[in-house]
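Numbering (this note's numbering), first residue to last: 1 to 380. Built from N, CA and C at the ideal position, the CB exists for glycine as well. Report on one structure; see the data block that follows.
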Amino acid sequence: MSDVLALMDEWGPERVVCVSDARTGMRGVLVIDNTARGMGKGGMRMSPSVTVAEVARLARVMTYKWAGVDLFFGGAKAGIAADPGSPDREAVLRAFVRALSQEIPRRYVAGLDMGLSERDAAIVQDELDDRGAAVGTPHVLGGMPYDELGVTGFGVAEAADAAAQHAGMSLRGARVAVQGFGAVGHAAARRLHELGAAVVAVSTVHGALHDPDGLDVGRLLALRAEAGDAAVREYGGRLLAPGAELSVPADVLVPAALQDVIDEEAAANVQAAIVVEGANLPTGRAAQRVLAERGVTVVPDFVANAGGVVAAGFAMDARYSAFRPDPDAVFAAVSAKMRDNTGRVLDTARTQGTTTHQAAVALAQERVRAAMELKGRWRR
Numbered sequence: 001m002s003d004v005l006a007l008m009d010e011w012g013p014e015r016v017v018c019v020s021d022a023r024t025g026m027r028g029v030l031v032i033d034n035t036a037r038g039m040g041k042g043g044m045r046m047s048p049s050v051t052v053a054e055v056a057r058l059a060r061v062m063t064y065k066w067a068g069v070d071l072f073f074g075g076a077k078a079g080i081a082a083d084p085g086s087p088d089r090e091a092v093l094r095a096f097v098r099a100l101s102q103e104i105p106r107r108y109v110a111g112l113d114m115g116l117s118e119r120d121a122a123i124v125q126d127e128l129d130d131r132g133a134a135v136g137t138p139h140v141l142g143g144m145p146y147d148e149l150g151v152t153g154f155g156v157a158e159a160a161d162a163a164a165q166h167a168g169m170s171l172r173g174a175r176v177a178v179q180g181f182g183a184v185g186h187a188a189a190r191r192l193h194e195l196g197a198a199v200v201a202v203s204t205v206h207g208a209l210h211d212p213d214g215l216d217v218g219r220l221l222a223l224r225a226e227a228g229d230a231a232v233r234e235y236g237g238r239l240l241a242p243g244a245e246l247s248v249p250a251d252v253l254v255p256a257a258l259q260d261v262i263d264e265e266a267a268a269n270v271q272a273a274i275v276v277e278g279a280n281l282p283t284g285r286a287a288q289r290v291l292a293e294r295g296v297t298v299v300p301d302f303v304a305n306a307g308g309v310v311a312a313g314f315a316m317d318a319r320y321s322a323f324r325p326d327p328d329a330v331f332a333a334v335s336a337k338m339r340d341n342t343g344r345v346l347d348t349a350r351t352q353g354t355t356t357h358q359a360a361v362a363l364a365q366e367r368v369r370a371a372m373e374l375k376g377r378w379r380r
């Protein structure tokens, strides 16, 4: 209990619900961080290494994401400590959402995160017999499958283009390295290629591909559809060790895999002029200071990868509707939000002489604090 209490500050979390089920071995947690601007909304992940502290950190990121894009939901996150490749996956997921039936969808609506797919969102709806229990469901069920559509990765590329323009650089012809080729990384690579960038490095758990003249993104995407993470191996050529993609010669680096991948040492070796955080929490404060001192422009995670929450906003609106959200409207809104927020944060950081993370957090906290004060939740 003391560990959970230590997670709490003036912003939250407001509610931490830990659940378990002896029959399936399910163990999980829901963290609702701050609901001053709206009910809790954030992804649900499944991983054997899930911890309460990790989910709480991610819930705080969601608070900042929603406030950063100025949409009216609150930060929340859920995590299930289980192997997503287990044959008992569905039983564990069903046990988890049953255990949280007092929270879903009254206080929290599930979404997709690491280890879960559009079909899992459909399972959540089915288990609770409520279309409003989850978003990100398959198209055939009337949902907005934003992972399948690649909305988050699309937004990361739009943020990269805006950051490049802010720095007086053209993304067309720029060299880009992408860490991770999952839901976010592959969609970012696809959009970056469409914008004219040369994707010179891509990595998965199997290793890192690097070609200074640019990889064949179309071929890589086709291989990913067939072989998943093994696409980098099937592509051919010599693979570098995982992590080497962070320091290859590039103009833009997109860490789009896991959290905490760029520490002080890695930050000192980054050769890119711009880092666009596609993953949640890929850099810590020490690494952020190193990058700032070296003059590297960083677009923070909850700015760069907020395309998913913009799409989730549309999906939340349409949960009980007979009509599907319009993907064209979603992509247009994502592009506009990502570009505007990226420019705003970079301008603020430059004007105030702070890191971009500090500028982005200050903007989000200002909006959350205003809502808390209006609702009588802030102690003056």
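- Distances from the CA of Met8 to each of Ala53, Pro145 and Arg23 were compared; the closest alpha carbon is that of Ala53.
- Under the three-state reduction of DSSP, Met316 is assigned to helix.
- Per DSSP, the unbroken beta strand (DSSP E) holding Pro255 starts and ends at Val252 to Pro255.
- Between the alpha carbons of Phe302 and His206 lies a gap of roughly 27 Å.
- Boundaries of the alpha helix (DSSP H) around Val330: Pro327 to Gln352.
- For Asn34, the beta-bridge partners assigned by DSSP are Gly75.
- For Arg119, the closest of Gln365, Val368 and Leu93 by C-alpha to C-alpha distance is Leu93.
- In the DSSP annotation of this structure, the continuous segment of the beta strand (DSSP E) that includes Ile274 starts and ends at Ile274 to Val276.
- Here the C-alpha atom of Gly185 lies approximately 11 Å from the C-alpha atom of Leu253.
- At the C-beta level, Gly79 and Met62 stay beyond 8 Å of one another.
- When secondary structure is reduced to three states using DSSP, His206 falls in the coil class, being assigned neither helix nor strand.
- Pairwise C-beta distances place the region 303–322 in contact with the region 63–75, as three or more of them are shorter than 8 Å.
- Nearest Cα to Asp213 within the set Leu223, Leu239, Thr204 and Val176: Val176.
- Pro13 is a Cβ neighbour of Val31, given a cutoff of 8 Å.
- Ala99 is positioned such that its CB atom lies no closer than 8 Å to that of Ala110.
- Listed in chain order, the non-local C-beta contacts of Asp88 below 7 Å within the same chain comprise Thr24, local neighbours out to five positions each way being set aside.
- Take the alpha-carbon of Pro325 and the one of Ala250: they are about 37 Å apart.
- Checking the DSSP bridge columns, you'll see Lys41 partnered with Gly75 and Val109.
- According to the DSSP assignment, Gln179 belongs to the beta strand (DSSP E) that extends over Arg175 to Gln179.
- Under the 10 Å beta carbon count, Asp340 is surrounded by fewer than 16 other beta carbons and is classified as exposed.
- Partner residues in the beta bridge of Ile80, as assigned by DSSP, are Gly28 and Met46.
- Each residue's CA atom was taken as its position, placing Gly196 and Arg294 some 27 Å apart.
- Between Val248 and Ala163, the gap from beta carbon to beta carbon reaches 8 Å or more.
- Looking at the DSSP output, Thr137 bridges to nothing.
- Between the region 143–155 and the region 186–195, the count of C-beta pairs closer than 8 Å reaches three or more; the two stretches touch.
- According to DSSP, residue pairing for Leu240 in a beta bridge involves Ala208.
- Under the three-state reduction of DSSP, Ala53 is assigned to helix.
- Under the DSSP assignment, Val298 falls in the beta strand (DSSP E) whose first and last residues are Thr297 to Val299.
- Per the C-alpha coordinates, the member of Arg379, Thr297 and Arg319 positioned closest to Thr355 is Thr297.
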